[in-house]
Amino acid sequence: MPLLALCCALVAAATASALDLYPGPSPGSGSGEQKTLGGARPPVLAEERPAPFTLRKQPKELCDAGSQYWTGVVNVADHKSIFFWYFESRHDPENAPLVLWMSGGPGATGELGLFKGIGPCVVNEDGNSTKTLEYSWIDHANVVVVDQPAGVGFSHITNRSHIPVSLEEGGRDIHKFLKVFTDDVFPDINGRPLHIAGESMGGHYVTGYTHHIMRSEREIGNSGKSSETYEPLNIVSAVIVDGYVDNTRQTVGYYDFFCSDWRQDGRTAPLMNSTACDSMAAAVPHCENLGQHCRETYDKEVCLAAAMSCDETVGAPYAADVRPGGWNPYDSRLKCQKPPLCSDFGKDATFEFFNRPWVQDMLGFPNTSFELIDFDTNSRWTEAKNVFLPVTKELTWLLDNTEIRILFINGNNDIIINTPGQIRMLDEQPWKGQASFRAESFSDWHYREGDLVSSNANVDALRGGTFKGNDRLSLYTVDEAGHFAPFNQPEAVGAVVRKWLQI
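Residue numbering for the sequence shown is -18 to -1, 1 to 485, as defined by mature numbering (1 follows the signal peptide of the UniProt record, and there is no 0).
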């Protein structure tokens, strides 16, 4: 398996081995003119009583979003902070729901997903300006994007050896962030429907953090704390885009992806020769057994061994061809430039943009060495081996013990988080609605001008992919989209998200 810096783990590596910290008044709080914060990035945040948050309203020069937006910092502990972008919805922000977005990694910044996917802006090729996207997730939602875990991007931690490397640690920080953000920074959105979303490793973050938050708030409610002293977050759904949930099922999915016409659309199949496909097929049963043992035990060593074994057998023919001119793990339509990432998205125009002095000055972090992907954080998660654990138990708990809805979106050209692997995972996912979900058949979905439409009602409708689901769990596959489905197909994915938010 190649380096999965935007996804799940470093299996290949495992086998080789003075921001002015005072709070401005909250928008809409009626407490006077909003303050703009300035100064240098702090070497530490471990002051005796750090301010709970900072906030600065941003101009169109940074991103002409089509709505008001802010950036800021929430201190989630004395020694660590979470940096955020907050965009009001382009339509009816006073009543629109709230979406929290997290990029993957581990170690990918929120800027990666924000400026390479969900919008509202994208960086121009000059690396010194941005342009507005017509279709964005902020069209019908207020969206907050974070750099997390603490220590990634513009978020900060005093001691990097304390970077959160588990879903429990990260979940505590995001829970604290959301409470401060909705209670204190933007109290006008307190109580709004909240959708927790992410891509790639975000499949772990979204599932694990939502599980942590909802269990914690349930415990607070059961402890006798009244609603007068604690108002729980109104989490109504989770949205997982090309999301990593279960390592071994994704690896088994390689066989379907390369050796079968799993889309049943007449495409050329298989994509590998019979020798490779026969080798992969022979290794699938053992890989599935190892994966089942991992899911039953939730033991890091067991799950690491399963991931490595499956990679070295089922995944071997594919991994051998991740080379210059060979398979690109993130998009089967593209050739690999240079392994393991196979593209330059870590050092491209977006990277240049966020290292521009004028951009960093606007954000309040001058003289910062900014990286879109924090490989130190990535390595720490891998060394802790938590990336090899699935989040299937957490997913079962959410489906069986809460009323939240869960949406999966997956690009059909994504190899590393391949659609057939996601189908396997969701069909086999144990929960009280499993039989009903598994029995559902896939149907085509269509869109036009940013909305889902019926193909029968509109001759100009475009096919977006296929979908199946019920009132709790849904999967939408996206044609002509790789690992960054919102970036590849902004209108199509935006139409799915818009409909989801309106349910």
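All C-beta atoms in this analysis are idealised placements derived from N, C-alpha and C, irrespective of residue type, glycine included.
query                                                                                                                                                              : result
Have a look at Asn204, Phe333 and Tyr237 and flag the residue whose alpha-carbon is nearest the alpha-carbon of Leu96.                                             : Phe333
Once the 5 residues before and after Asp382 are set aside, which same chain residues still bring their CB inside 6 Å of it?                                        : Trp413 and Lys414
Can you tell me which of Gln232, His61 and Met262 puts its alpha carbon nearest to the alpha carbon of Ser137?                                                     : His61
Sort out for me which residues DSSP pairs Lys450 with in a bridge.                                                                                                 : Leu457
Pairing CB atoms from the segment 377 to 394 with CB atoms from the segment 457 to 464, are three or more of them under 8 Å?                                       : yes
Go to Val266, then tell me how far its alpha helix (DSSP H) extends in each direction, as first and last residue.                                                  : Ser256 to Thr279
Indicate whether the contact test is met: 3 or more Cβ pairs, each with one atom in the segment 177 to 187 and one in the segment 217 to 225, closer than 8 Å.     : yes
Per DSSP, what kind of secondary structure is Trp413 in: helix, strand or coil?                                                                                    : coil
With three or more beta-carbon pairs closer than 8 Å as the criterion, would you say the segment 357 to 368 touches the segment 143 to 158?                        : yes
Nearest to Leu434 by CA position, among Val81, Ala421, Ile485 and Val227, is which residue?                                                                        : Ile485
Counting pairs of Cβ atoms below 8 Å between the segment 111 to 125 and the segment 322 to 331, do you hit three or more?                                          : no
Compare the C-alpha of Ser371 against each of Ser291, His186 and Phe469 and name the closest.                                                                      : The identity of residue 371 in the sequence shown is Leu, whereas the question assumes Ser. The residue with the shortest Cα to Cα distance from Leu371 is His186.
To which residues of the same chain is Arg445 closer than 8 Å at the C-beta, ignoring the five residues directly before and after it?                              : Asp426, Trp427, His428, Ser437 and Asp461
So, for Val296: in the same chain, excluding its five sequence neighbours on each side, which residues have a beta-carbon less than 7 Å away from its beta-carbon? : Thr233, Val234, Tyr236, Tyr237, Met262, Ala265, Val266 and Cys269
Does the beta-carbon distance from Ser135 to Glu93 come in below 8 Å?                                                                                              : Looking at the sequence shown, residue 135 is not Ser but Gly. The answer is yes: Cβ separation under 8 Å.
Can you give me the Cβ contacts of Thr401 inside the same chain, cut-off strictly under 7 Å, excluding the 5 residues immediately before and after it?             : Asn392, Asn394 and Thr459
Run through DSSP, which three-state label would Lys329 get?                                                                                                        : coil
For Gly99, tell me which candidate among Lys481, Arg277, Leu483 and Ala474 has the shortest Cα-Cα distance.                                                        : Ala474
In angstroms, rounded to a whole number, what distance separates the CA positions of His157 and Arg197?                                                            : 11 Å
Could you tell me which residues DSSP puts in a beta bridge with residue 487?                                                                                      : Outside the shown range of the chain (-18 to 485) lies residue 487, about which nothing can therefore be said.
Over what stretch of residues does the alpha helix (DSSP H) that includes His157 continue unbroken?                                                                : Leu149 to Val162
If you count every other CB in all the chains shown that lies within 10 Å of the CB of Lys161, and 16 or more means buried, which is it?                           : buried
What residue range is occupied by the uninterrupted alpha helix (DSSP H) comprising Lys481?                                                                        : Pro472 to Gln484
Quick one: is Gly101 buried, meaning 16 or more other Cβ sit within 10 Å of its Cβ, or exposed?                                                                    : buried
If the criterion is Cβ atoms closer than 8 Å, does the pair Leu82 and Val126 meet it?                                                                              : yes
In this structure, how does DSSP classify Cys318 when only helix, strand and coil are distinguished?                                                               : coil
What number of angstroms, rounded off, separates the C-alpha of Ala417 from the C-alpha of Ser423?                                                                 : 12 Å
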